[in-house]
Amino acid sequence: DINNSFVEHLEHQENKYNKYQVITKKSVIDETILGVGNAFTIGCMAGTIFYFFRGFILSPKGGRIMGGLVHVRDRAPHFGGSIAMWSFLFNISRGGLAYIRQ
Numbered sequence: 019d020i021n022n023s024f025v026e027h028l029e030h031q032e033n034k035y036n037k038y039q040v041i042t043k044k045s046v047i048d049e050t051i052l053g054v055g056n057a058f059t060i061g062c063m064a065g066t067i068f069y070f071f072r073g074f075i076l077s078p079k080g081g082r083i084m085g086g087l088v089h090v091r092d093r094a095p096h097f098g099g100s101i102a103m104w105s106f107l108f109n110i111s112r113g114g115l116a117y118i119r120q
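In the working numbering, the protein residues as written are 19 to 120.
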C-alpha cells in the first residue's frame, strides 16, 4: 500500500540523520544496494547524454543520429556500471566502518 510505504520512507529519512541510530549488517546491506541502484541509474542517464553527443559529433553527415544512438547503446551501460562500482565501494566502506565503530 502506497501510504504505508510513504510513511516508512519518511521514518527512514528521519532515522537516517539520527546520530544514535543502531547500525546493523542488514541496514548496511540495504543502504549499499539502494545506493548502487541509484548510482547505476544516474550513471546511465549521464552516460546517455554524454555519449549521444559524442557519437553525434564523431559520426559522418547523414548518419549522425544513428551514430549517436549506437554510441549510447555501446557505452552508456559501461559508464553506469563504473559509477555503480564506485558507489558500491564507497557505501560498503562507509557502512562497514560505521558498523565497526559502533
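Where is the CB? At the ideal position from N, CA and C, for every residue including glycine.
Please determine, among the options, the residue with the shortest C-alpha to C-alpha distance to residue i.
i: W104; options: K79, I51, F74; result: I51
i: T53; options: Q120, I118, G113; result: According to the sequence shown, residue 53 is Gly rather than Thr. G53 has its Cα closest to that of G113, out of Q120, I118, G113.
i: R91; options: K43, F71, P78; result: F71
In or out: residue i buried (at least 16 other Cβ within 10 Å) or exposed?
i: G80; result: exposed
i: F97; result: buried
To which residues of the same chain is residue i closer than 8 Å at the C-beta, ignoring the five residues directly before and after it?
i: I110; result: V46, T50
i: S121; result: Any question about residue 121 goes unanswered here, given that the chain covers just 19 to 120.
i: F108; result: G53
For residue i, I'd like the list of residues in its chain whose CB is within less than 7 Å of its CB, leaving aside the five on either flank, ordered along the chain.
i: A162; result: One cannot answer for residue 162 here, as it falls past the ends of the chain, which runs 19 to 120.
i: G55; result: none
i: R82; result: F74
Excluding five sequence neighbours on each side, which residues of the same chain lie with their C-beta closer than 6 Å to the C-beta of residue i?
i: A94; result: C62, G65, T66, Y69
i: G73; result: G85, G86, H89
i: I41; result: A116, Y117, Q120
i: V25; result: none
i: S77; result: G85
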